[in-house]
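Protein chains in written order, with this note's numbering: chain A, 13 to 219; chain B, 147 to 765.
See below for the structure under consideration.
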Amino acid sequence: MSEVAQLQLIALSIVGFGILILLFIRATFVRVTGFVFIVLGLFSLMSLAVPQLASLPPAEEKIDIASIKTPTDIAAIGQTVFFSKGQCALCHSIGPSESARCPDLKGIGAKLSKDFLYESLTDPQAFVYQDYRHGGVPKEYPATMPRIDKDPIGLSKNEILAVIAFLQQMSGEPISVSLSDLEIPGPAPKAPVKAAESALVAEAHSR
Amino acid sequence: MSAIRQGIGTIQLALRAVSGHGGWLAGLLLTAVWLALPSIGVAAEGTATGPTEYRDIPYIGSRNLVWIVAQLHLLLAGFVLGVPIFAWLCEVIAWRGGEKRYDKLAKEFTKLLTSAYATTALFGGILLFLLVAFYPKLMNYLTDVFFPSFLLYCLLFLLETATLYLYWYGWDAMQYGKLKTLHVVLGFLLNFFALFIMIVPNAWATFQSSPVVISEGTAIERAWAATWNPTWWPINIHRLIANVVLGGYICGAYAGVRYLSVKNPEEREHYDWMGYVGNFIGVFGLLALPFAGYWLMREIYQYNQQMGITLMGGFLSWLFIIQAMLIGVLFLGSNYYFWLGITYRIPGSEGKYRRAMLMMLVSLLLCLAVWMTPHSLVASIEEAQKMGGAHHPLLGVLGVMSAKMTVSNLMILITFMSFVMYWRAGKQDTAGWAKLGKAVMGAVLVLASLAVIVLGVWGYFVPAIVRINYFSTSQVLIVIFVILTITPLTALLLKSAKTTTEMVWGSMPPRAGYALVLNAVMVILLMTLMGYARSSSRVHWHVYGVMRDSSPYAYSPALGSASLIMAFCTFFFCILVAFIFWVATMGDKTKAAAASGKGELPHGIPAMAGGAPEERQQG
Numbered sequence: 013m014s015e016v017a018q019l020q021l022i023a024l025s026i027v028g029f030g031i032l033i034l035l036f037i038r039a040t041f042v043r044v045t046g047f048v049f050i051v052l053g054l055f056s057l058m059s060l061a062v063p064q065l066a067s068l069p070p071a072e073e074k075i076d077i078a079s080i081k082t083p084t085d086i087a088a089i090g091q092t093v094f095f096s097k098g099q100c101a102l103c104h105s106i107g108p109s110e111s112a113r114c115p116d117l118k119g120i121g122a123k124l125s126k127d128f129l130y131e132s133l134t135d136p137q138a139f140v141y142q143d144y145r146h147g148g149v150p151k152e153y154p155a156t157m158p159r160i161d162k163d164p165i166g167l168s169k170n171e172i173l174a175v176i177a178f179l180q181q182m183s184g185e186p187i188s189v190s191l192s193d194l195e196i197p198g199p200a201p202k203a204p205v206k207a208a209e210s211a212l213v214a215e216a217h218s219r
Numbered sequence: 147m148s149a150i151r152q153g154i155g156t157i158q159l160a161l162r163a164v165s166g167h168g169g170w171l172a173g174l175l176l177t178a179v180w181l182a183l184p185s186i187g188v189a190a191e192g193t194a195t196g197p198t199e200y201r202d203i204p205y206i207g208s209r210n211l212v213w214i215v216a217q218l219h220l221l222l223a224g225f226v227l228g229v230p231i232f233a234w235l236c237e238v239i240a241w242r243g244g245e246k247r248y249d250k251l252a253k254e255f256t257k258l259l260t261s262a263y264a265t266t267a268l269f270g271g272i273l274l275f276l277l278v279a280f281y282p283k284l285m286n287y288l289t290d291v292f293f294p295s296f297l298l299y300c301l302l303f304l305l306e307t308a309t310l311y312l313y314w315y316g317w318d319a320m321q322y323g324k325l326k327t328l329h330v331v332l333g334f335l336l337n338f339f340a341l342f343i344m345i346v347p348n349a350w351a352t353f354q355s356s357p358v359v360i361s362e363g364t365a366i367e368r369a370w371a372a373t374w375n376p377t378w379w380p381i382n383i384h385r386l387i388a389n390v391v392l393g394g395y396i397c398g399a400y401a402g403v404r405y406l407s408v409k410n411p412e413e414r415e416h417y418d419w420m421g422y423v424g425n426f427i428g429v430f431g432l433l434a435l436p437f438a439g440y441w442l443m444r445e446i447y448q449y450n451q452q453m454g455i456t457l458m459g460g461f462l463s464w465l466f467i468i469q470a471m472l473i474g475v476l477f478l479g480s481n482y483y484f485w486l487g488i489t490y491r492i493p494g495s496e497g498k499y500r501r502a503m504l505m506m507l508v509s510l511l512l513c514l515a516v517w518m519t520p521h522s523l524v525a526s527i528e529e530a531q532k533m534g535g536a537h538h539p540l541l542g543v544l545g546v547m548s549a550k551m552t553v554s555n556l557m558i559l560i561t562f563m564s565f566v567m568y569w570r571a572g573k574q575d576t577a578g579w580a581k582l583g584k585a586v587m588g589a590v591l592v593l594a595s596l597a598v599i600v601l602g603v604w605g606y607f608v609p610a611i612v613r614i615n616y617f618s619t620s621q622v623l624i625v626i627f628v629i630l631t632i633t634p635l636t637a638l639l640l641k642s643a644k645t646t647t648e649m650v651w652g653s654m655p656p657r658a659g660y661a662l663v664l665n666a667v668m669v670i671l672l673m674t675l676m677g678y679a680r681s682s683s684r685v686h687w688h689v690y691g692v693m694r695d696s697s698p699y700a701y702s703p704a705l706g707s708a709s710l711i712m713a714f715c716t717f718f719f720c721i722l723v724a725f726i727f728w729v730a731t732m733g734d735k736t737k738a739a740a741a742s743g744k745g746e747l748p749h750g751i752p753a754m755a756g757g758a759p760e761e762r763q764q765g
């Protein structure tokens with residue numbers, strides 16, 4: 013029996029217990045308690061009937077420079093970062109999507125250079141193609157793209173380069189991110205997050 | 147997946163531990179906490195290399211324990227902040243309107259406050275100890291940021307306690323003349339301090355979601371910057387209204403339970419009337435609550451779009467379907483109670499309003515169906531291929547915010563009209579301008595409903611930012627306009643109306659009592675659900691973007707397993723409230739038997755729903 017099924021059984025038992033109380037007990041307070049059991053059990057059953065998704069912390073991608081032999085290896089790491097720690101897929105789609113809130117990234121690697129992509133990811137306000145869905149005169153809406161090298165996303169330079177490599181590969185372009193672009197990590201662990209360095213904090217403070 | 151399993155496993159263990167003995171849930175939990183406390187530190191991390199960041203306890207898990215205690219503390223806090231608002235409003239109605247029964251009701255609920263405050267403080271103390279024990283690094287950081295506000299909080303508690311003592315113990319002594327005015331002022335001060343007691347810790351909680359940190363300046367300047375964070379005021383307003391709703395519906399549930407158990411006709415009348423007042427105040431707050439919720443979500447999106455998407459489009463998106471179900475049931479329950487009132491309390495009205503009630507029911511169900519339509523459907527690969535994606539070709543259109551905003555506004559309008567219908571039932575207009583007045587009200591309602599629908603449909607064809615900033619806010623303003631227009635017009639119309647049917651209290655069927663209990667449970671569940679959502683929106687951060695959660699509990703459990711904890715919190719809170727009511731009303735039965743008099747019992751006129759005693763005489 014799966015874990016969800018076990019929990020459903022518990023919720024069903026709560027409902028059943030409530031029904032039994034209503035059927036066989038006369039005392040008002042106990043009957044009301046039975047009624048509450050039924051309501052709470054049904055609530056749990058409903059919650060267990062929807063897709064069960066947990067929000068896990070992003071896996072720390074350990075980029076082992078020595079194990080990377082080709083640009084394709086970098087792109088493979090980028091793909092993982094794109095869908096996990098980078099949270100790119102939260103807003104962007106790959107391919108047309110009516111529900112996408114942000115630009116479709118299909119073919120973006122063919123349209124934009126590596127440096128432009130890097131700047132777009134680390135300084136999104138530097139050049140804003142406003143109201144991406146339509147051409148013509150730019151609209152007044154600012155880009156809401158966060159700086160992904162800052163917290164709460166906080167991608168390292170290597171991770172950003174890996175994402176760019178993935179975008180290029182996905183667009184059928186030759187990957188221009190080379191092994192020499194990657195930084196060799198030092199022995200010291202990453203310093204704890206400092207509030208002052210957080211773009212989010214700085215942004216909030218400036219409001 | 148191991149994290150999910152760990153979460154589910156923990157719940158199962160906790161549930162097994164509780165249910166296996168078949169004993170008193172609350173006692174078992176407290177015993178478990180007590181037994182587990184000495185083992186704190188078994189799982190302490192980093193004791194040899196540096197200061198402890200986290201501690202854990204076996205079986206229950208530190209996060210689950212903090213979750214339950216924090217949730218109970220918050221619910222109790224909502225109760226003790228909502229009840230004084232409720233009581234004070236009733237006292238003011240009695241003071242200005244001269245109806246003593248409202249004063250009696252206010253006193254009955256103020257009596258709860260002393261024991262309820264103690265219980266709330268008890269859970270607050272337990273929560274503080276647990277947080278300091280389990281999350282020392284986080285608490286150290288928060289203390290560093292908020293230290294001056296801790297002192298202010300202590301001062302507020304002293305002021306609140308002193309005011310409460312004066313308010314409660316001075317009730318009988320300050321009944322007449324200037325002393326009564328002073329008593330009403332004390333009630334205001336009680337709520338004034340209570341408001342600050344709520345908004346100070348709100349700063350600590352909202353800071354974790356939308357932090358503003360400055361490293362320069364004095365301690366007060368740093369604390370003030372952190373306090374005035376982007377979501378602080380939206381949460382303050384949202385919680386203030388929610389507390390009124392909670393207080394109203396709990397009053398209704400209490401009255402419902404008492405109504406079901408009393409045999410004495412006079413008490414039946416009294417608790418029927420109390421249930422009506424509780425439901426009315428609950429609905430009054432409920433109508434405004436979605437607006438505050440919308441403002442909060444808008445601020446969250448503006449603060450950080452990813453957080454907004456995580457909430458409404460990410461892993462929590464299904465939570466909002468559950469939320470829609472709960473709010474929908476709450477709306478249905480509140481309307482149903484009004485309709486039962488029309489049917490059973492106002493003889494002769496059933497036939498007149500049956501058709502309107504049926505139409506309202508159908509409209510509410512349709513709105514609820516749209517509100518509960520998920521954006522992405524649960525479908526197999528084959529089904530998704532046939533549909534051409536996860537979005538159903540027809541239903542997908544109903545699953546987006548534009549549709550949901552529209553139906554939620556319509557549900558508010560319908561509920562408001564249910565109330566107006568109840569208000570007008572059993573009355574005959576005598577004013578010369580009655581026909582014109584009713585035509586204006588009808589036109590306002592129809593045009594407003596059409597405008598809400600048109601804006602909702604139009605919302606599909608404009609960029610999201612236009613819809614969010616202009617269309618949705620316009621819908622909200624239209625509904626507020628309707629409420630602010632029709633309420634005074636109806637009041638004016640009924641001022642000179644003739645009462646054709648006297649209100650009969652105590653004639654409601656038992657299901658009315660259960661409807662009141664259902665409403666209260668829905669509100670409590672909603673609060674627990676949205677507490678989980680707010681906490682989960684921070685994902686793996688203690689303080690979003692500033693202090694990362696590196697404990698084994700740095701994940702948000704799936705909705706199903708979380709719902710069992712929410713259900714447990716709701717049940718335990720209900721038991722606690724029942725206990726508080728039981729303790730507070732222990733000596734009443736003997737007193738009531740000795741001093742039963744009909745002078746203060748309710749008569750034929752409902753609160754806000756049927757004019758003043760003079761009208762009765764006229765009628």
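C-beta atoms are modelled at their ideal positions from N, C-alpha and C, and glycine is treated no differently.
Note that the structure is a prediction, hence the values are computed from the model and not measured.
- For W213/B, the uninterrupted alpha helix (DSSP H) run begins and ends at S208 to G243, by DSSP.
- Of all residues in the stretch 421-435 of chain B, none comes within less than 9 Å of chain A when Cβ atoms are compared.
- Bounds of the beta strand (DSSP E) holding W687/B are W687 to V689.
- No Cβ-Cβ contact shorter than 8 Å links I172/A with I187/A.
- The straight-line gap separating the alpha-carbon atoms of T373/B and W379/B is approximately 10 Å.
- In this chain, the alpha helix (DSSP H) harbouring P411/B covers P411 to Y449.
- Less than 8 Å divides the Cβ of G207/B from the Cβ of Y699/B.
- The stretch 661-671 of chain B and the stretch 599-615 of chain B do not touch, with fewer than 3 CB-CB distances between them shorter than 8 Å.
- Counting only residues of its own chain and dropping the five nearest sequence neighbours on each side, S183/A has a CB closer than 7 Å to the CB of G119, I120, G121 and A122.
- Excluding five sequence positions before and after F430/B, the CB atoms of its chain that fall closer than 8 Å to its own CB belong to V390 and G394, given in chain order.
- S361/B is positioned such that its CB atom lies no closer than 8 Å to that of A730/B.
- Under a 10 Å Cβ-count criterion, S295/B is classified as buried, with 16 or more other Cβ atoms of the shown protein chains found around its own Cβ.
- DSSP, read as helix, strand or coil, puts K573/B in strand.
- Approximately 5 Å separates the beta-carbon atoms of T631/B and V590/B; this is inside 8 Å, confirming the contact.
- Listed in chain order, the alpha helix (DSSP H) runs fully inside the stretch 458-494 of chain B are 463-491, counting runs of at least 4 residues.
- Take the alpha-carbon of L65/A and the one of I467/B: they are about 14 Å apart.
- Shown here, T377/B sits in coil according to DSSP, grouped into three states, outside any helix or strand.
- With 16 or more other Cβ atoms from the protein chains shown falling within 10 Å of its own Cβ, G454/B counts as buried.
- A check of alpha carbon separations from P158/A across R613/B, Y447/B and R570/B identifies Y447/B as the nearest.
- Between the stretch 233-242 of chain B and the stretch 346-360 of chain B there are fewer than three inter-stretch CB-CB distances shorter than 8 Å, so the stretches are not counted as touching.
- Distance from the Cα of A365/B is smallest, within the candidate group D290/B, G316/B, A308/B and F338/B, for D290/B.
- Distance from A216/B to L273/B at the Cβ level is roughly 5 Å; contact confirmed, criterion being Cβ atoms closer than 8 Å.
- A direct Cα-Cα distance of roughly 36 Å separates A549/B from S14/A.
- With contacts defined as CB atoms closer than 8 Å, A597/B and I624/B qualify as a contacting pair.
- The shortest C-alpha to C-alpha distance from H384/B to any of Y616/B, I427/B and L435/B is the one to L435/B.
- For L675/B, the closest C-alpha among the options R694/B, R570/B and L457/B is that of L457/B.
- For I37/A, no chain B residue has a Cβ inside 9 Å of its Cβ, as the nearest lies near 13 Å away.
- Annotation: H416/B to F41/A spans about 19 Å, alpha carbon to alpha carbon.
- In this structure the stretch 676-690 of chain B does not lie against the stretch 493-500 of chain B, because fewer than three pairs of beta carbons, one per stretch, are closer than 8 Å.
- Secondary structure at R684/B: coil, using DSSP grouped into helix, strand and coil.
- For T40/A, the residues of chain B that pass the 8 Å Cβ criterion are V403, L406 and S407, in the order they occur in the chain.
- Taking C-alpha positions only, L179/A is separated from E195/A by approximately 20 Å.
- About 18 Å separates the CB atoms of L19/A and S682/B; that is not less than 8 Å, and the two are not in contact.
- Under the criterion of beta carbons closer than 8 Å, Q99/A and I176/A do not qualify as touching, at roughly 16 Å.
- Under the Cβ distance rule, C103/A counts among the residues neighbouring chain B, one pair being separated by less than 8 Å.
- Taking a Cβ-Cβ cut-off of 9 Å, the neighbours of H686/B in chain A comprise S67, L68, P69, P70 and P164, given in sequence order.
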